[in-house]
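The next block holds one structure in the form of structure tokens; read it before the comments.
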Amino acid sequence: MKEQGTVKAAEFWRWQEYHRVMPKKWTSKDLITAGVDVGSVGSKAAIMVNGEAYSWGITRTGSNSPESAAKALSYALEGTELKASDLKYIVGTGYGRVNVPMANKAITEIACHAKGANYIWGPRVRTVLDVGGQDIKAIRIDETGRVVSFLMNDKCAAGTGRGMEVFADLLQIPIEDIGEISLKVEKEPEPVSCTCVAFAKTEAMGLLRKGWTKEKVLAAYTRAMAVRMANLINRVGLEKELVVTGGQSKNIGIVSRIEVILGVKCLPMPNWRDEGNLDPMVAGAFGAALFAKALYEKAQKA
Amino acid sequence: MITVGMDLGTQRVKTVVLKDGAVASRGQALSGFDPTKAAEQAVDEALKVANLKLSDVAYFAATGSAMDMAPYANSTVSMMGADAKAGVYLFPKARTIIDVGAEEARAVKCGDKGIMVDFVVNERCAAGAGVFIEAMARALEVKLEDMGPLALKAERASPINASCVIFGESDVVSLIHRQEPKPEIARAVFDAMADRISSMVHRLGVNPDVVLIGGVAKDEGFVASLNRKLGLTVSIPEYPDYAGALGAALTAATRAKGAQK
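Protein sequences appear in the order of chains A and B. The numbers in this note's numbering rise by one with no breaks, and the one at position 112 of the first sequence is 120. The numbers in this note's numbering rise by one with no breaks, and the one at position 72 of the second sequence is 99.
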């Protein structure tokens, strides 16, 4: 969205763009592959050495998918001494996957998130909830990370991450604190009746006008989002263990409410802020890099 | 007799002052965070234009999504009721009234005295309301008022996802990058909205005398698409955005007379 006024408002919606290199060595004999996940809101690129996460970068998706893909990949390469030409095979995924010019192949984000969740948490994962900027997917997977079935919000973006961005701006709370703050209510309020992203602002203003605190407003909206997600999981069929990937995996307000509604615990989230830890927001790119490895090896054998 | 109708919408408050059954003046203000204050301003403005004071008003009636927050109100009128009343007052033969506002769209079927018989509402989803056009105009980087004239230049429409504002926005962004002509994208936006509205109207059963009111009725691009979809020409009053307030003012007059008896 363009700035309308002359004074640039603080960008509370802006989540942290960062890159990370794992403490690992590589040689020219290693198989180096990459996955680039161009989402509707975030672009993620991951580089793997022999199928192990080596580095990644997360950046905001711009209006141009090819540029966003290139930006994320160069961010992942930063500080690694790797060059783009060292990457043997690249798989593109995500909403903008057909627009990843450097990719050798495009694979759906559903398959990639499934694979990536299996990589992050191991073979016990059977249900993956992927919540991104404007989509929600509930995916059933087997012990190898293969997709068994899935459901997604194909008609409507209600209850997705974009709504949280609107709330962050309106309530002037940094987006990464929203989850914690939404939990600071004595009693959980009724969920709001409408989670349409386009109406998020009106919805929030209506509640604030009623005299609700920011915490209570956030709790009611986050609850409604979690209800939508839990419904999708129930429709696809919940099988333990459950994990959450995508940008909203970082929202503790969402994750903990889903646990309450479904009556199950998710597998522990790696704390992405700590060096050396994986980031569930990058699950799709990890999965894509793993597919890249398999595809490269297959091509070598043929 | 002086009566005032107030329509407290999600974006604007509109007021109409009615003097002995004829419109004397109109006023409006942005709803903002305090619709009560906005309504006071809009009433103030309209009364000033008509050279009247608050004490001259026999009856105030409020409608619109924030009607419960209206100042001065003697009573409230349902939005569908106000639509029907205004539609038949403006076009006596009208039996179907379509009201497309910023965040809601309604189709109302009514009888000859402007009594509502049946209605269909699109709420809780932005894809069938004015904000859909606003969001797409932003994505196209076109001024809202330029969307209509732009769409009228198109021979055909580029396909976009019309089920959701957010998905539609993404589609528009990728169409721009594919260098689709903007007029065709604009036309697609209006066609998509018209599709949703016409399916609402069809659920009520169409009759040939259809009136279109609400702020979106001022958009010629939308009107052209809706006429094409419905296969008829809708009637539009001079001030379509004030129709809700007019309906409330007319109801106020009836109620004031009832109270006098």
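C-beta atoms are modelled at their ideal positions from N, C-alpha and C, and glycine is treated no differently.
DSSP, read as helix, strand or coil, puts residue 177 of chain A in helix. Nearest CB-CB separation between residue 224 of chain A and chain B: not below the 7 Å threshold.
With respect to chain B, the C-beta atom of residue 46 of chain A has no partner C-beta closer than 7 Å. For the pair residue 30 of chain B and residue 157 of chain B, the Cα-to-Cα distance works out to about 29 Å.
By the C-beta density criterion, residue 60 of chain B is exposed, having fewer than 16 other C-beta atoms within 10 angstroms.
Chain B places a beta carbon closer than 7 Å to that of residue 71 of chain A, counting this residue as a contact. Interface criterion not met: the Cβ of residue 282 of chain B is under 7 Å from no Cβ in chain A.
For residue 160 of chain A, the uninterrupted beta strand (DSSP E) segment begins and ends at 155–160. Note that the C-beta distance between residue 109 of chain B and residue 97 of chain B is not below 7 Å.
Within the segment 200–211 of chain B, 200, 201, 203, 204 place their CB atoms closer than 8 Å to a CB of chain A, listed in sequence order.
Under the Cβ criterion (8 Å, minimum of three pairs), the segment 261–276 of chain B does not count as touching the segment 161–168 of chain B. Counting along the chain, no alpha helix (DSSP H) covers residue 280 of chain A, and no H or E run does either.
In this structure, DSSP gives residue 238 of chain B an extended state, which the three-state scheme calls strand. Here the C-alpha atom of residue 35 of chain B lies approximately 34 Å from the C-alpha atom of residue 261 of chain A.
Secondary structure at residue 227 of chain B: helix, using DSSP grouped into helix, strand and coil. Across the segment 49–62 of chain B, CB contacts with chain A closer than 7 Å involve 60, in sequence order along the chain. Nearest to residue 25 of chain A by alpha-carbon distance, out of A:36, A:75, A:49, is A:49. If you compare the alpha carbons of B:267, B:234, B:174, B:171 with that of residue 257 of chain B, the shortest gap goes to B:234. Collapsing the DSSP output to three states places residue 23 of chain A in coil. Under the three-state reduction of DSSP output, residue 87 of chain B falls in the strand class. Contact holds between the segment 212–221 of chain B and the segment 237–254 of chain B, because three or more Cβ pairs, one in each stretch, are under 8 Å apart.
Only residues of its own chain outside the window of five on either side were considered, and among them 187, 188 have a CB closer than 7 Å to the CB of residue 198 of chain B, listed in chain order. Interface annotation for the segment 161–173 of chain A against chain B: 163, 164, 165, 170, criterion Cβ-Cβ distance under 7 Å. Distance from the CA of residue 67 of chain B to the CA of residue 86 of chain B, rounded to the nearest whole angstrom, comes to 15 Å. When CB distances to chain A are screened at a threshold of 7 Å, the residues of the segment 151–168 of chain B falling below it are 151, 152, 153, 158, 162, 165, in chain order. Neighbours of residue 37 of chain B across chain A, judged by C-beta separation under 8 Å: 210.
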